[in-house]
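Visitor: Going by my numbering, the first residue of the sequence shown is number 60, and it counts up by one from there.
Right, I'll just put the structure down here and ask away after.
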Amino acid sequence: MKLIRKSLKHFIILMPNDKAIKVNSIYDMASKYLKLVGLEITGYSLKHTFLNLVAKQFGISKAAELAGHTNNKTTLTYAIEYAEHLVEQNKKIDIKI
60 MKLIRKSLKH FIILMPNDKA IKVNSIYDMA SKYLKLVGLE ITGYSLKHTF LNLVAKQFGI
120 SKAAELAGHT NNKTTLTYAI EYAEHLVEQN KKIDIKI
């Protein structure tokens with residue numbers, strides 16, 4: 060099972076025919092069509108955006124899980140806006156003693 064997981068690490072399996080395509084192929088395809096409509100967006104920036112949105116809505120742990128990261132610190136390098144979002148949320152805390 061470990062060997063299967065390791066060999067599939069860089070692939071996405073599409074159902075129902077189980078054909079695999081490389082993740083980079085998806086990035087390349089997305090970049091191609093985004094350029095056609097005048098947007099210069101990379102797979103890297105899409106990953107940043109996706110992880111920020113997931114982290115803001117569901118938390119950093121869920122974003123880390125979806126990114127395949129074993130450590131939330133790794134995800135925080137992508138989800139910079141999420142960290143800024145937390146700072147803003149903390150500023151709203153008004154504790155009266």
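Virtual Cβ for every residue (Gly too), placed ideally from N, Cα, C.
In chain order, what residues of the same chain have a beta carbon less than 8 Å from the beta carbon of K121, not counting five sequence neighbours either side?
Guide: Within the sequence shown, the letter at position 62 stands for residue 121. Here the set comprises V113 and A114.
Visitor: At the level of alpha carbons, what is the spacing between I119 and I156?
Guide: To locate residue 119, count along the sequence shown from 1; it is residue 60. To locate residue 156, count along the sequence shown from 1; it is residue 97. Near 31 Å, if we compare the C-alpha coordinates of I156 and I119.
Visitor: Do L110 and I100 have their beta-carbon atoms positioned less than 8 Å apart in this structure?
Guide: By 1-based counting over the sequence shown, the position of residue 100 is 41. By 1-based counting over the sequence shown, the position of residue 110 is 51. No.
Visitor: At the level of alpha carbons, what is the spacing between N211 and A79?
Guide: Summary: the structure shown does not reach residue 211, with the chain confined to residues 60 through 156, and so no result is reported for it.
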